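For the sequence shown, my numbering begins at 7 and goes up steadily by one.
First the structure, in the form of structure tokens, and then the observations on it.
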Amino acid sequence: MIARRIATVVATLLAVTGLGACGGAPVESRRAEPAAVVPVAASRTRTVAREVSVVTRAQAGVRNVPAAFRIPPGSRVTGLSDRESGASFTLTELDPQSVLAFYRRELPAGAFTIVADRAESDAASLAFRNAEGWAGAIYATTHRVTVAVKRA
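In structure tokens:
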């Protein structure tokens, strides 16, 4: 009798935990922004960018990065992918070397530790992290700077 009850409990536990594996992936919450999808010919597409005149991530529309993470003034944020796990985007309009100099100065001031700083003939990169579990990389070429920040 006891063996039968134990078998029933084990079978129930296995069935209940198996339900989680069958469910769909968690859906990321959407922002309350109106959106419309309009088909456009490929020749008429354009990149939407935002001017950043203040050194804050909120002004650039970047939400899912640490509060201490700054955007260089005068940058244009393009190609933004902003998820709960972090954000990635491209910075244009400024000289990539001045953007790297900005981050070399601002990251340590914002409680980040630069863990790698590499330069090659046509590209440079920085890797950084903080004590709160955020990590990121900045990759610069002669034309643009790509930034990725995520929860580690």
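For every residue, glycine included, the Cβ atom is placed at its ideal position computed from N, Cα and C.
Computed from a prediction, not measured in an experiment: that's the story for all the values here.
Under DSSP, the beta-bridge partners assigned to Thr119 are Arg135. Linking Thr84 to Ser127 through their CA atoms gives a straight-line distance of about 25 Å.
Residue environment: Pro102 is assigned as buried (16 or more neighbouring CB atoms within 10 Å of its CB, all protein chains considered). DSSP, reduced to helix, strand and coil, places Val105 within a helical segment of the structure shown. Between Asn136 and Phe118 the beta-carbon gap is near 5 Å, inside 8 Å, which marks them as a contact. Residue environment: Pro78 is assigned as buried (16 or more neighbouring CB atoms within 10 Å of its CB, all protein chains considered).
In terms of Cα proximity to Val153, the closest of Ala73, Glu112, Phe95, Glu99 is Phe95.
Val105 and Glu99 have their C-alpha atoms some 10 Å from each other.
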